[in-house]
Amino acid sequence: MLTPDSGSIQLAGRDVASFAAADYARQFAFLAQTPVAPDELTIFQLVKLGRYAHQSFLKEWSVEDSVQVEKALRATGIYDLQERKLNEISGGQKQRAWIPVVLAQDADTIALDEPINHLDMSYQLECLNLIRQINRDFGKTILLVLHDINLAARYGDHIFALKDGQIIAQGAPAEIINSELIENIFQVKNHIIQDPVFKTPLCIPIAPLR
Numbered sequence: 314m315l316t317p318d319s320g321s322i323q324l325a326g327r328d329v330a331s332f333a334a335a336d337y338a339r340q341f342a343f344l345a346q347t348p349v350a351p352d353e354l355t356i357f358q359l360v361k362l363g364r365y366a367h368q369s370f371l372k373e374w375s376v377e378d379s380v381q382v383e384k385a386l387r388a389t390g391i392y393d394l395q396e397r398k399l400n401e402i403s404g405g406q407k408q409r410a411w412i413p414v415v416l417a418q419d420a421d422t423i424a425l426d427e428p429i430n431h432l433d434m435s436y437q438l439e440c441l442n443l444i445r446q447i448n449r450d451f452g453k454t455i456l457l458v459l460h461d462i463n464l465a466a467r468y469g470d471h472i473f474a475l476k477d478g479q480i481i482a483q484g485a486p487a488e489i490i491n492s493e494l495i496e497n498i499f500q501v502k503n504h505i506i507q508d509p510v511f512k513t514p515l516c517i518p519i520a521p522l523r
């Protein structure tokens, strides 16, 4: 979305700057942290927007568009709510309603910025389980931004640890998550143990170093 100061950004072996907007949207879907839509939209109308990149002046709504929207609604478990307006559903349901939008877009790569922000524990797990299901069942590459290190370790296959805009470590959770890394990034004294259930790194924060 931003022009790099140097080098290039490659998607499917191609510089993203060379894509036309619609072509790029068919390859890459992005869900912002706080997406906005009119409250009067129904969930169905919202999810239909995900097919915009597949429309053109000569190619309007098609059977394939209907198939992809229905598949996205069913896969995310909100098919029965599709006629409900956004102002008629809970905050957790509204957050969840945005995920089929990017799924209907049918891009190979999906980027989600803090999709569990402001959700309670139950909705957080429901949302992350859904995202993992999309990854596994639909073969989508998911680029997911999370600030909860324990959830990142549980759900992530490959983690990028960033500080001041720079990648300072990357790899499988068990390979890179250690006390030194957490202290460096978050300035928090901590203890790392193995999660007794999921066998992934579990960070126990102790005290700020500042």
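Numbering of the sequence shown is given in the numbering used here, commencing with residue 314 and proceeding in unit increments.
The beta carbon of each residue, even a glycine, is placed where N, CA and C say it ideally should be.
All values reported here derive from a predicted model rather than from experimental measurement.
- If you look at glutamine 483, you'll find it in the beta strand (DSSP E) that goes 479-484.
- Taking a C-beta distance under 8 Å as the contact criterion, isoleucine 356 and alanine 410 qualify as a contact pair.
- The region 334-345 makes contact with the region 413-432: 3 or more CB pairs, one atom from each, lie closer than 8 Å.
- In this structure the region 476-495 does not lie against the region 426-437, because fewer than three pairs of beta carbons, one per stretch, are closer than 8 Å.
- Beta-bridge pairing by DSSP links valine 501 to Pro521.
- Taking 8 Å as the cut-off, the beta carbon of isoleucine 412 is found closer than this to the beta carbon of leucine 443.
- In this structure the region 368-381 does not touch the region 391-411; the number of beta carbon pairs closer than 8 Å is below three.
- The beta carbons of alanine 466 and threonine 513 sit about 4 Å from each other, so the pair counts as a contact at 8 Å.
- Cβ neighbours of isoleucine 322 within its own chain (closer than 6 Å, five residues either side excluded): Val329.
- In the three-state reduction of the DSSP assignment, isoleucine 506 falls in the strand class.
- With a cutoff of 8 Å on beta-carbon distance, isoleucine 506 and isoleucine 495 are scored as not near each other.
- DSSP places leucine 432 outside both helix and strand once states are collapsed to three, so it counts as coil.
- Excluding residues up to 5 positions away in sequence, Asp426, Glu427, Asn430 lie with their Cβ nearer than 7 Å to the Cβ of glutamine 346 in the same chain.
- Ranking Glu373, Ala385, Val360, Ser331 by CA distance to the CA of lysine 398 puts Val360 first.
- Following the DSSP letters along the chain, one finds valine 349 in no beta strand (DSSP E), marked with neither H nor E.
- Beta-bridge analysis with DSSP links phenylalanine 473 to Gln483.
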